[in-house]
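Colleague: Residue numbers (UniProt numbering): 1 to 749.
Handing you this structure, nothing more for now.
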Amino acid sequence: MDKVCEVLDEAKVEIEKLKAELRAKTDSLENLKRSLNAQVNQTQEAKIKSEKLDQELLQKADEIAETKSLYKDLKGNLKEQDSIIKHLNAANDKIRADFNEKIKKFEDEKRGLVLALEEANDKAENQEQQICEYRKEIESLKSCLSVSKKKGLQTEMKLKLSKELSERDDMFQKLEEEKVKLEDQLKWKKEQFKHLEEAYEKLKGQLKSSKKEWEMEKSTLLDEISSLQTKLDSQIRISEDLQHQLQTCHQALAHVESQKKRLEIEVSDFRLQLDSASSEYQGARLQLDCDRDKDIAELRYSLKTKEACIKEAKYQTEKLEQENQELRMSLKELQEAQIQEAGASYSQSKLRTKLRNLEQTHKECALTLKAREAEWNSQIEQLTGDLNSCQSELEAKITALEELQMELETSHSITVEMRFLNEEMYVMQLVLKQGISEAQLKLANYKDEMDLINKEKEGKIFQLMKQLEMRDDALISAQKELTEECEKAACLMSKMREIESYGSNKELQHSLQNELDRYKEMLEESTNCQQILEEKLLQMESDSKEQLRETHEALDIAINELDEKICERSEMEFELQIWKSIVERLKNDLEESHLTRKELEASLLAQVDVGESLKQEVVLLEQESIRRELESIVIANGTVERKLKMENENLVENVTKLSLEKENLLAFVQGLFDRISEFSIADTQLMDMLRSMEQSFEINCPGMNMKKGDESFFDVKENMIIQVSPTSRIKKVEAISDIRSPFKELNSC
């Protein structure tokens, strides 16, 4: 019993130690669980990041294909631009030749117009001279008319004096009437001459104003021609500068194409490297899958073995439960044995054997727990080492992934910038094409307009020349008619003189009357001719006014056209400035594209480094897969540990239940011992009574009393033994209860 107490004390101490170790281990396991959960989250994040990297790599491959297609489109567009530029050069050469031819034509036309103006001026001067001569002739005719009036008065006086013949009087009356008529006609003709003189002065003023206008227009045209020549020279210079710039652009584009070809070769090399890296990655992945399958099989085997151990533990717990049931049955038997004192010794021996079996099972459980704890400690140390190595690898991979993310972001930004640059270049090409087409259309329209304007000017000049010729013919015919009238007036004067010289003769008077009649007819014809001439002059004036109005309108139209041409030229200059700004922008864009290409080269070199880093990442991913397998093993071990913990807890609960049952048994046994003590007291009383009875019997029969005394002595010994044994059992029970107190503490915890 002392050994049992010592063993129970040692077990109590060991249980307390195990309790402390379990608490420490539970804390460490919780920390490990947290770290494992964090690592699992990190590994999941790393997996997501790796998937994102794969997607981004695929996107980059697509983008590279798109950039290749864009490069091909740019090549086609550059070829189209070269062809367009060649056409533009040819068109510029044609336009230059046309401009030179038109300048020559304009110079020839200008010379012809100058000569026509000089001829018109000469004709106008000749007409002025003729008009001066006509005035002189008109004045001489006026003097002749005044002389004829005087002679007519003299003839009237003579006719008054000669009133001899009535016929003569009648003739004189007729002559007077005719004279009155002639005076009226002369007055009317004077008024007509005055009107004609006023119209002539107006025409003269109009001619002077038209001459001044012609001179002003001539000076303006010359100024415009000189300004147009200067503008043409400036445009030619600008076109030469543009040609030089286009040549530089062609050279830059050729350089860019060479760089593009080199970049395409590098991209193809990178693709080959990526394909090789992907094939290596797939092979490594297959190997990892195989290793993973092997590890999973091993883990399944270990799980099966642990399940077998768990089944054994369950079997032992079931055994313990059966023993507890047997103990309960034994307790019931003890109760029956109390009723039946004969079976008490048998139940006590049974209980002792069962208690010993329980102590042995408890020792075996403690030993198994120690062995399992040692195994768990070794596994936990291995797992902590693996976790530390995995943590270091994870940190390295996280840093590498961050660097890769930064590189991917930079490459993505570079690709976005390249897309924007390509779109801007495409838009600029479209704008250039539209501008070139618009310029070609404008040049064609300008050519057509210039041709139409030249044709209209030629038609107007031809019409003006015809009108001048018509006016010259009209003036010549008017001069002829005036000369004829002058001749007729001279004939009349001569005939009047003849009448004066031969006035005395009657025969001559008769002939003079006939001549007067004839002259009357002639005057009527002359009046009719004068009326016709006046109508012609009025028509000429109206025609000249219409022609002047038409010339003014034509000049206004020409001025408007010149203004429009000036506006168009200003617009062309503005467009040229815009094209210059566009060319400057294109230069800047080319410089930026050079810089971006340099950056692309750097990024491609970085991508080479990235490819090497990807190879390293493949190795790291292999390590990560191994680490994940280890983590899965650790998780499986954790689940096994949890199961074992649950089993331990179940065992502890079973032990606590057994301890409670034992305490109940001890209480029951103490009750039994109390009853036995009561029975012992009753036995002592009976012994006293028996002694008294023996004494009485000894007195009566001494031989029989000795036998009975021996029997009573043996009974009393047995009763003493019974009295002593309860105390020792109570001590044992107390020791056992002291030993089982840690499980109570565990239950209280």
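Don't be surprised by glycine CBs; every beta carbon is placed ideally from N, CA and C.
Just so we're clear, the structure is a prediction, and the values are computed from it rather than from any experiment.
Tell me whether the beta-carbon of L78 lies closer than 9 Å to the beta-carbon of E257.
Modeller: Taking 9 Å as the Cβ cut-off, L78 and E257 qualify as a contacting pair.
Colleague: Can you determine whether any heavy atom of the ligand GDP sits closer than 8 Å to the C-beta of T656, and answer yes or no?
Modeller: Looking at this structure, you won't find the ligand GDP or any other ligand, since it has none at all.
Colleague: Distance check for N126 and E137, CA to CA, integer angstroms please.
Modeller: Taking the straight line joining both Cα atoms gives about 16 Å.
Colleague: Tell me which same chain residues have a C-beta within less than 6 Å of the C-beta of N388, skipping the five on either side of it?
Modeller: Once the five neighbours on either side are set aside, N388 has no close Cβ partner at all.
Colleague: Could you tell me the distance, in whole angstroms, from the CA atom of I84 to the CA atom of L595?
Modeller: Distance between the alpha carbons of I84 and L595 is about 28 Å.
Colleague: Buried or exposed: where does I95 fall if 16 or more other Cβ atoms within 10 Å of its Cβ makes it buried?
Modeller: Buried.
Colleague: L58 and K370: beta carbons closer than 9 Å?
Modeller: No, the pair does not count as a contact, with Cβ atoms beyond the cut-off.
Colleague: Assuming contact is defined by CB atoms lying nearer than 9 Å, are K25 and E373 in contact in what I supplied?
Modeller: Against a cut-off of 9 Å, the Cβ pair of E373 and K25 comes out as a contact.
Colleague: For I453 versus E550, is the C-beta spacing smaller than 9 Å?
Modeller: Not closer than 9 Å, so no.
Colleague: Here's the rule I'm using: 16 or more other beta-carbon atoms within 10 Å means buried, otherwise exposed. How should I15 be labelled?
Modeller: The residue is buried, with at least 16 neighbouring Cβ atoms inside 10 Å.
Colleague: Can the beta-carbon of K187 be found closer than 9 Å to that of E128?
Modeller: No, the Cβ-Cβ distance between K187 and E128 is not below 9 Å.
Colleague: Going by the beta-carbon positions, is the gap between E264 and K68 smaller than 9 Å?
Modeller: Yes, the pair counts as a contact, with Cβ atoms nearer than the cut-off.
Colleague: Between L686, L29, L538 and T368, which lies nearest to E381 when the distance is taken from Cα to Cα?
Modeller: Of L686, L29, L538 and T368, the residue nearest in Cα terms is L29.
Colleague: Comparing C-alpha positions only, which one of K102, Q130, D54 and K202 sits nearest to L538?
Modeller: That would be K202, whose Cα lies nearest to the Cα of L538.
Colleague: Between I103, C144 and D184, which has its C-alpha nearest E224's C-alpha?
Modeller: Answer by Cα proximity: I103.
Colleague: Taking the alpha-carbon of E568 as reference, which of V13, K231, D93 and E213 has the nearest alpha-carbon?
Modeller: Of the candidates V13, K231, D93 and E213, the one whose C-alpha sits nearest the C-alpha of E568 is K231.
Colleague: Can you tell me whether L145 is buried or exposed? The criterion is at least 16 other CB atoms within 10 Å of its CB, across all chains shown.
Modeller: Under this definition L145 is a buried residue.
Colleague: Whole angstroms are fine: how far does the CA of E449 sit from the CA of E438?
Modeller: So the two alpha carbons sit approximately 16 Å from each other.
Colleague: Can you list, in chain order, the residues of its chain whose CB lies under 6 Å from that of E6, leaving out five sequence neighbours each side?
Modeller: Excluding sequence neighbours, E6 sits near nothing in its chain.
Colleague: Would you decide whether E10 is buried or exposed? Buried here means 16 or more other CB atoms lie within 10 Å of its CB.
Modeller: E10 is exposed by the Cβ-count criterion.
Colleague: May I have the straight-line CA-CA distance separating K598 from K47, to the nearest angstrom?
Modeller: Distance between the alpha carbons of K598 and K47 is about 34 Å.
Colleague: Do you know offhand how far A344's Cα is from E333's?
Modeller: Note on A344: pLDDT 47, under 50, position unreliable in the model; the coordinate value appears next. If you take the alpha carbons of A344 and E333, they lie about 9 Å apart.
Colleague: Could you tell me if Q39 is buried or exposed, where buried requires 16 or more neighbouring beta carbons within 10 angstroms of its beta carbon?
Modeller: Buried is the call here.
Colleague: Would you kindly work out how many angstroms separate the C-alpha atoms of E326 and Q44, rounded to a whole number?
Modeller: Spanning the two alpha carbons is a distance of roughly 54 Å.
Colleague: Quick one: grab the DSSP three-state call for N505.
Modeller: With a pLDDT of only 49 at N505, under 50, the local geometry of the prediction cannot be trusted, and the value read off the model is given with reservation. Coil, per DSSP.
Colleague: Give me the Cα-Cα distance between D269 and E409, rounded to the nearest whole angstrom.
Modeller: One C-alpha to the other measures close to 22 Å.
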